[in-house]
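This report refers to the structure that appears directly beneath it.
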Amino acid sequence: MVVPLLAANIKEDAIKLEELDSVVRIEESDMPTQQVNIPDAEELNVACLIDASKSMNRSVIGGQKMELGKQVVRDYVNSLLTGANISLRVYGHKGSKQESDKFASCQSNEVVYSSSIYNQDKFEKALASFEATGWTPFASAI
Numbered sequence: 651m652v653v654p655l656l657a658a659n660i661k662e663d664a665i666k667l668e669e670l671d672s673v674v675r676i677e678e679s680d681m682p683t684q685q686v687n688i689p690d691a692e693e694l695n696v697a698c699l700i701d702a703s704k705s706m707n708r709s710v711i712g713g714q715k716m717e718l719g720k721q722v723v724r725d726y727v728n729s730l731l732t733g734a735n736i737s738l739r740v741y742g743h744k745g746s747k748q749e750s751d752k753f754a755s756c757q758s759n760e761v762v763y764s765s766s767i768y769n770q771d772k773f774e775k776a777l778a779s780f781e782a783t784g785w786t787p788f789a790s791a792i
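Here it is as structure tokens:
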């Protein structure tokens, strides 16, 4: 009974959202007439976090959650500016899903690629260094 009560008033908003024209149009007259100076980029530091608990072995549309997650991280760091500092932390990758391993698994939270300028070979080795195995220690990971 709760769902109908919560969802009862969203129909009008959903229709408005579907009718929204999301195309951005820029007229030539809106373009700047002078060269735009873009400031130099500051140092970019990116921290990636991957859940490696056993639930990441599940399949979803497109493949296995763990492999999809690793690919998303891989694609993201490859899209960053040259010279970006990257770190990679993994959690839930120790032990197993057995109750006896829960404590050890929930304590697993490890930096597998320390913050440094991105090196594709080293980063790939870090991504390959763990599998989805244990419990999910959200609190310690965050």
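Numbering (this note's numbering), first residue to last: 651 to 792. A virtual CB, placed ideally from N, CA and C, is assigned to each residue, including glycine. Please read all numbers here as calculations on a predicted model, not as lab measurements.
Classification of residue i by the beta-carbon crowding that lies within 10 angstroms, buried from 16 upward
| i | result |
| --- | --- |
| glycine 713 | exposed |
| tyrosine 763 | buried |
| alanine 754 | exposed |
| proline 654 | Any reading at proline 654 needs caution, since the residue's pLDDT is 45, under 50, leaving its predicted position unreliable; the model's value is listed next. It counts as exposed. |
| valine 710 | exposed |
| isoleucine 665 | exposed |
| alanine 697 | exposed |
| alanine 778 | exposed |
| threonine 783 | buried |
| lysine 775 | exposed |
For residue i, the first and last residue of its enclosing alpha helix (DSSP H)
| i | result |
| --- | --- |
| aspartate 671 | Per DSSP, aspartate 671 belongs to no alpha helix (DSSP H) and is neither H nor E. |
| glutamate 774 | 770-778 |
Residue i in three-state terms, based on DSSP
| i | result |
| --- | --- |
| glutamine 714 | strand |
| leucine 656 | Interpretation of leucine 656 is limited by its pLDDT of 48, a score under 50 that renders its predicted location unreliable; the figure taken from the coordinates is listed afterwards. Helix at leucine 656. |
Boundaries (first-last residue) of the beta strand (DSSP E) holding residue i
| i | result |
| --- | --- |
| leucine 738 | 735-741 |
| leucine 699 | 695-701 |
| serine 766 | 759-767 |
Short Cβ contact (9 angstroms threshold) for residue i with residue j
| i | j | result |
| --- | --- | --- |
| serine 737 | valine 722 | no |
| glutamate 668 | glycine 733 | no |
| phenylalanine 801 | isoleucine 700 | The question about residue 801 has no answer, for the chain in this structure spans 651 to 792. |
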